[in-house]
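Reading through the structure tokens given below for one structure.
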Amino acid sequence: VPYHKSVKVQSFSFSLQRSATLQVPSRRNLRVPASSELEGLLSAKWGGCRNLEQLKVAGNMIKGEIPEEFGKLNRLAIGKLSSLEDLDLSENKLNGQIPGQLGECSKLHNLCLRKSYFNGSIPFQLGYLALQGSLDLSQNLLTQQIPPELAKFTMLEHLNFSHNMLSVSIPSLFGTMTGLKSIDFSYNDLEGPVPDSGFFHRASPAAFSNNKNLCGEVLGLKPCSNTSVEKETHKKNHNVPMIIVSASLSWLILSLALFILYALSRRAKRSRESKEAMVSEARNPLSVVNYDGKIVYEDIIEATESFDEKYCIGSGGSGRVYKAKLTLGPILAIKKLLCLNGEQMEKLRSFTNEIRALTEIRHKNLVKFYGFYISSKNVLLNDEYEACISDFGTAKILNPDSSNVTVLAGTLGYVAPELAYTVSATEKCDVYSFGVVALEVMMGKHRAELVSVLNSCLDQKDVQLVLDPRIRIPADEETALEVVSIVRHALSCICVEPKSRPTMRWVSQALSEARTKV
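Numbering (full-length UniProt numbering) for the sequence shown: 1 to 518.
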């Protein structure tokens, strides 16, 4: 049968039923001697004790957690203890975590929770207190790091964290606690350097005994090596490298995944393009695999409507060139040869040489045959507006040891004027032809009358006279000057007097410089 026990508290008494909950008084102060052997749970009814300022029940057998209802107290409240100066709940059987609301006890000078069963970490909110007497959390089950915020207790006299399971290190800021008179960090898992200032220099070696690996300038401790100091510094910032490593690893994994996806997509694209090319090749009548000359000829006749004049895009000494769009093939330039008699066998041999040279071409833009007779009709532009040599004429080739011609070979309008009254063929004849072709490219078509009236003194304001009207006039002055410079070089090549024309080497260098500037 439970029994009641009368307890004298200052000028009043109250009863406690053993093995029940601790009932609450109605006075301002409560001090219960250790010999009272109180046991049980702290009642939630403490929330109605509005005027309580002191609570000392150390040395009893009270168990359980500190009730949340303490938060309802105006003067004694976990979180609102505006008048409380001393709180001593030591040597009981209280468990759970130390409430962080204790940090709002603005007048608390002494806090003693030793020799109980509190676990978890020390709440950093305790750093908001103004402790000046003692802080005793010894002989509990506290773990993790000591909060650096507790270093704000500069007037604290007694500090005891012994007989716990605290780890990492003693915060270096504890060296600024100038009011300390006693400290005890023994029987923990602390390591690293001990603060090298303040009371720590005068502390007893027993205050740091039975720890993992403490070091420092304290009697009884081994000196810290550079490695230990660096290790401690590293541990203080261990979260930073961990975050960096995690972020880098995540980025690496993401990059690898994106690379794999990109490689797979490229592989699938190449496979698809390869299949499409095979299908296109199979349908192309000009394919080596399916080539049938009779079918191709019929397609050409159909595409040009039996070589109708409207499909003719050029003519030369050995035939005419027609544009043909095959049904299942690309757009082609078809050259229809003229019928040659016995006296024109030289042209036939020349044309045969041309075909042989074309079969040896390996570059997409240039031919390996270094010819001598190219007009603007032989120059086509691809989809990217790059000039491609599509054909070259079959004008008569001079012997290496000859500089005279007996038959005029070439297209009127492109050959040098001196060839009309002399049989002497020089390099300057080719320079003239180049100038005509260059002007024709800039102007968009052959304008013989302009070739005769233009001169190398062309000004920037005359750029409209030489530019293709389909091309927009350059807006900025620098580009317009470069266009004019290119036209001037071309005009210098068509001087009537051969000696006044530059060499092709000089023209090539000048155009290269102009292209670099543009």
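All C-beta atoms in this analysis are idealised placements derived from N, C-alpha and C, irrespective of residue type, glycine included. Please read all numbers here as calculations on a predicted model, not as lab measurements.
Let's see if you can read the secondary structure: which residues bound the beta strand (DSSP E) around residue i?
i           : result
residue 143 : 141-145
residue 183 : 182-184
residue 118 : 117-120
residue 94  : 93-96
Grab the span of the alpha helix (DSSP H) containing residue i for me, first residue to last.
i           : result
residue 489 : 477-492
residue 527 : Any answer about residue 527 is impossible in this case: the structure gives the chain only from 1 up to 518.
Quick one: what's got a C-beta closer than 8 angstroms to residue i's C-beta in the same chain, skipping five residues either side?
i           : result
residue 176 : 151, 154, 197, 198
residue 156 : 131, 132, 133, 134, 135, 177, 179, 180
residue 399 : Only weak support exists for where residue 399 lies, its pLDDT of 47 falling under 50; the value from the coordinates is given anyway. Closer than 8 angstroms at Cβ, skipping near neighbours: no residue.
Here's a check: name, in chain order, each residue in its chain whose Cβ is nearer than 6 angstroms to the Cβ of residue i, leaving out the five neighbours to either side.
i           : result
residue 112 : 88, 90, 136
residue 184 : 160, 162, 207
residue 145 : 168
residue 428 : 498, 501
residue 125 : 100, 103
residue 370 : Only weak support is given to the placement of residue 370: the predicted model assigns it a pLDDT of 36, under 50, and the question is left unresolved by the model.
residue 512 : none
residue 323 : 311, 313
residue 158 : 134, 182
By DSSP's criteria, residue i is part of a beta bridge. Which residues make up the other side?
i           : result
residue 320 : 315, 336
residue 167 : 145
residue 191 : 213
residue 331 : 325
residue 310 : DSSP, once it has assigned bridges, lists no residue as partnering residue 310.
residue 136 : 112, 160
residue 253 : None, per the DSSP bridge assignment.
residue 86  : 110
Between residue i and residue j, what straight-line distance do the alpha-carbon atoms span, to the nearest angstrom?
i           : j           : result
residue 259 : residue 243 : 24 angstroms
residue 212 : residue 133 : 29 angstroms
residue 486 : residue 514 : 7 angstroms
residue 149 : residue 217 : 24 angstroms
residue 418 : residue 299 : 45 angstroms
residue 337 : residue 264 : 51 angstroms
residue 331 : residue 480 : 35 angstroms
residue 482 : residue 424 : 35 angstroms
residue 321 : residue 314 : 5 angstroms
residue 182 : residue 93  : 26 angstroms
residue 194 : residue 172 : 7 angstroms
residue 224 : residue 215 : 5 angstroms
residue 221 : residue 262 : 60 angstroms
residue 114 : residue 186 : 14 angstroms
residue 306 : residue 354 : 25 angstroms
residue 302 : residue 325 : 9 angstroms
residue 252 : residue 268 : 24 angstroms
Residues in the same chain with beta-carbon distance under 7 angstroms from residue i, minus the five sequence neighbours each way, listed in chain order, please.
i           : result
residue 510 : 489
residue 508 : none
Exercise. For the 8 angstroms Cβ check, are there 3 or more pairs between the segment 495-503 and the segment 466-477?
Worked result: No, they do not touch.
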